[in-house]
Amino acid sequence: MASARRKSAAIALAVVGVAGLSLASASTLNVSGGTIQAGTTTSASCDADGVQAKFTSSYAAAPTNAYKADTLTISGIDAACADGDMRVSVVADKTTVEFTATKIGQTWTSTAISPVIPAAEIKSVAVVITK
Numbered sequence: 005m006a007s008a009r010r011k012s013a014a015i016a017l018a019v020v021g022v023a024g025l026s027l028a029s030a031s032t033l034n035v036s037g038g039t040i041q042a043g044t045t046t047s048a049s050c051d052a053d054g055v056q057a058k059f060t061s062s063y064a065a066a067p068t069n070a071y072k073a074d075t076l077t078i079s080g081i082d083a084a085c086a087d088g089d090m091r092v093s094v095v096a097d098k099t100t101v102e103f104t105a106t107k108i109g110q111t112w113t114s115t116a117i118s119p120v121i122p123a124a125e126i127k128s129v130a131v132v133i134t135k
């Protein structure tokens, strides 16, 4: 009985912790047009109006024979977030690619996305900015 209560308490604490972290340090993400689109929506204290995510893409003959995401640019970062740190996760069907950046400005562009992710498999992009 005590074990079940501890598990319930641990799960509740984890949910509250993740929700609190998201509200405290994640930036909103607006998705508008383009070949590849994905997004999550949350707010941040240093960037209340959100950021934009845009992929560059190209055709990859092998092994996918499909369009792939090459790089990701996050723009519209509020000046209040300048010199903060950012973590970006590109979530796809079979993999998640993560990037970190320090002392960010108002625009950031990733290095080449690796491993190769077919554009059709991208499900979401999450951006967390800490200041």
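Mind the numbering: the sequence shown is residues 5 to 135 in the working numbering, read in order.
A virtual CB, placed ideally from N, CA and C, is assigned to each residue, including glycine.
Where the beta strand (DSSP E) containing residue i begins and where it ends
i	result
residue 107	Where residue 107 is concerned, there is no enclosing beta strand (DSSP E), given that its DSSP letter is neither H nor E.
residue 128	126 to 134
residue 113	111 to 113
Cutoff 7 Å; reference residue i; Cβ partners in own chain excluding five residues on either side
i	result
residue 67	none
Sequence-distant residues of the same chain with beta carbon closer than 8 Å to residue i, five excluded per side
i	result
residue 101	93, 94, 117, 118, 119 and 121
residue 74	59, 60, 61, 62, 116 and 117
6 Å CB neighbourhood of residue i in its chain, flanking five on each side removed
i	result
residue 103	92 and 114
residue 84	50
residue 112	78 and 105
Residue i and residue j closer than 9 Å at C-beta
i	j	result
residue 76	residue 96	no
residue 109	residue 50	no
residue 55	residue 126	no
residue 72	residue 130	no
Ranges of the beta strand (DSSP E) found wholly within the region 52 to 104, counting only runs of at least 3: 55 to 64, 70 to 79 and 89 to 96
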